[in-house]
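Under our numbering, the first residue of the sequence shown carries the number 79, and numbering increases by one thereafter. We put the CB at the ideal spot given by N, CA and C, even for glycine. One structure below.
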Amino acid sequence: MNQVLKYISKLGFVNSIFILGTLLNIMSLGYLFGYIAIVLIFLRNSFLKAAVDRNLLLLFVFAIVYALFYATNAWKGSQFIVLYMFIPPTFYLWGKYMAGISVKTKTLFLVLIILTVIYSLPALISVTLNIIKGGFVQPERNIPMFWGGEIVSATQMAAFFVFNMCIPALLLVSYKEIPKILLMLLILIFILSVACVLRLGSRTQLAIIILSLLISLIIAAPKMSFKQNFKIYSVLMVIIFFITTQISFDLDSDMFASFAGRMKDDGAGDLASGGGRTRLWAKSLDNLVEHPLGWDLEEFGYSHNLWLDALRVGGIISFVLLILYFLKVFNLIRKIIMNKIVPIYFQILCLTYIVGFFSLFMVEPGIDGTFTLFILFCLFVGLIRQHYYDILENAVFESSTM
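Below, the structure is given as structure tokens:
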């Protein structure tokens with residue numbers, strides 16, 4: 079953990095405060111922290127000259143177009159014009175800056191894990207306090223944030239737990255790279271997060287646990303020895319056996335009250351339709367032709383999809399630009415996964431986190447609904463892209479000096 083403490087020291091207390099303040103949206107004042115975060119990164123002239131790349135330019139063009147279209151109907155407030163325009167590229171730059179602080183893959187691996195755990199803390203504390211106060215059987219799924227008491231929808235609150243749901247996938251493959259204290263803390267956080275997700279009745283988060291675990295095992299298995307695979311699958315079988323024999327999955331139990339209520343009220347048909355989202359997606363695709371410059375939220379509400387909600391706000395130009403940006407991101411992930419010089423634990427982290435991001439973005443508004451998750455995504459992409467090319471550069475340098 080000493081390497082992480084040294085890393086934080088190099089990043090700086092002021093930078094850390096304004097990055098975290100924006101991501102955590104402290105007291106709903108995240109936009110104020112965001113303004114300072116913009117200024118702090120743009121004051122670094124020498125860094126900016128070297129940091130400009132095609133991904134940044136594409137993201138910046140998207141952000142400008144999206145913000146200008148939003149300005150025609152700034153229903154959330156005029157401050158979001160500036161935030162939508164500058165915060166995504168700013169946090170992409172912060173990601174690149176953070177990657178430049180250390181060239182050690184393990185350090186950045188631990189920093190990303192700790193950052194995403196911190197990101198989940200406001201929701202973790204809020205939902206845990208709610209469970210302590212009222213238990214799992216409560217009629218209302220929406221829960222107040224512990225600071226300020228602002229009511230947050232269950233869907234938005236659950237989004238904070240997305241990376242905690244990836245913890246099993248990370249631990250199974252990468253447990254040797256994680257200090258024991260952090261390892262035990264992650265296990266505790268995962269258990270608490272599952273309890274919170276059950277209280278919120280989030281089916282998406284539960285699905286992410288299984289999806290991230292399966293994908294990570296499929297990708298990791300060919301890269302590891304028979305002995306490593308045997309250990310991992312043996313541990314997995316023991317865990318599954320313990321869970322299935324020692325934990326009751328009775329939907330009538332208090333713990334599953336919110337989750338069971340959704341299953342009974344909505345039914346299997348609703349689950350198959352993504353909670354009614356497929357109907358919204360179909361309407362949005364119709365509007366791609368009928369309203370290529372976007373449409374009002376009042377027409378049928380959110381599209382519950384990052385790209386389609388970008389289409390609603392920013393028109394077809396924003397829609398296409400965002401798709402292009404994600405294609406570049408997926409290509410980056412492919413390169414990281416396929417490159418043998420990238421440590422497997424970093425590959426699995428990149429893979430599981432992108433699964434988490436994509437799972438949420440497919441079913442939630444993204445920028446309009448969970449803006450902090452989107453800017454964390456931008457930071458994540460900036461960091462892993464910079465570090466990937468640093469790894470390649472170091473490999474070339476080492477081979478040339480041999």
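Legend entry - For V181, the residue or residues it bridges with in DSSP: Bridge partners of V181: none, in fact.
Legend entry - Neighbour-count burial assignment, I317, 16 or more Cβ in a 10 Å radius: exposed
Inset, instruction - Take the Cβ of G444 as the centre, count every other Cβ of all protein chains shown within 10 Å, and call the residue buried at 16 or more, exposed below. - result: buried
Inset, instruction - Determine the closest residue to W225 out of L363, M105, I394, with distance taken between C-alpha atoms. - result: M105
Legend entry - Proximal residues to F397 (C-beta, below 7 Å), its chain only, five neighbours per side dropped: W385, A388, L389
Legend entry - Distance between M79 and T206 (C-alpha atoms, nearest Å): 27 Å
Legend entry - 8 Å Cβ shell around L270 - same chain, five flanking residues per side excluded: L202, T206
Legend entry - Nearest-angstrom Cα separation, counted from A141 out to F125: 21 Å
Legend entry - Reduced DSSP secondary structure (H/G/I, E/B, other) of I269: helix
Legend entry - Beta-carbon spacing of I394, V143 below 8 Å: no
Inset, instruction - Just grab the DSSP bridge partners of V230 for me. - result: I221
Legend entry - Three-state secondary structure assigned by DSSP to E377: helix
Inset, instruction - Buried or exposed for N208, please, with buried defined as at least 16 other CB atoms from any protein chain shown within 10 angstroms of its CB. - result: buried
Legend entry - Boundaries (first-last residue) of the alpha helix (DSSP H) holding L427: 422 to 441
Inset, instruction - Let me know the secondary structure DSSP gives H369 once reduced to three states. - result: coil
Inset, instruction - State yes or no: is the C-beta of A285 nearer than 7 Å to some heavy atom of the ligand ADP? - result: For the ligand ADP, the structure offers nothing, since it holds no ligand at all.
Inset, instruction - Note down the Cα distance separating Y403 from I469, rounded to an integer number of angstroms. - result: 22 Å
Inset, instruction - Determine the burial state of P217: buried for a count of at least 16 other Cβ atoms within 10 Å of its Cβ, exposed for fewer. - result: exposed
Legend entry - Which of helix, strand or coil DSSP assigns to K418: coil
Inset, instruction - State yes or no: is the C-beta of G112 within less than 8 Å of the C-beta of I191? - result: no
Inset, instruction - From the DSSP output, in three-state form, read off V251 for me. - result: helix
Inset, instruction - Please go through the same chain and pick out, in chain order, the residues whose beta-carbon is closer than 8 Å to the beta-carbon of I401, but skip the five residues on each side of it. - result: W385
Legend entry - Beta carbon of M440 nearer than 8 Å to that of N383: yes
Inset, instruction - Pick out whichever of I245, I256, I86, I116 has its Cα sitting closest to the Cα of M495. - result: One cannot answer for residue 495 here, as it falls past the ends of the chain, which runs 79 to 480.
Legend entry - Through-space distance from S198 to S381, alpha-carbon basis: 25 Å
Legend entry - Residue from S180, F96, N472 with nearest C-alpha to K84: S180
Inset, instruction - Can you say whether I286 is buried or exposed, counting buried as having 16 or more other CB atoms within 10 angstroms of its CB? - result: buried
Legend entry - Host alpha helix (DSSP H) of R132 (start-end): 132 to 149
Legend entry - I445, DSSP secondary structure in three states: coil
Inset, instruction - Please say whether Q464 and G99 have beta carbons closer to each other than 8 Å? - result: no
Legend entry - Alpha carbon of F320 to alpha carbon of V313, nearest angstrom: 11 Å
Legend entry - 8 Å CB neighbourhood of S204 in its chain, flanking five on each side removed: I221, P222, M223, F224, V230, M235
Legend entry - Euclidean distance between Cα positions of L188 and A128: 25 Å
Legend entry - Cα-Cα separation, I296 to G108: 38 Å
Legend entry - Three-state secondary structure assigned by DSSP to M302: coil
Inset, instruction - Using only alpha-carbon positions, find the residue among T168, L193, K309 that is nearest to V82. - result: L193
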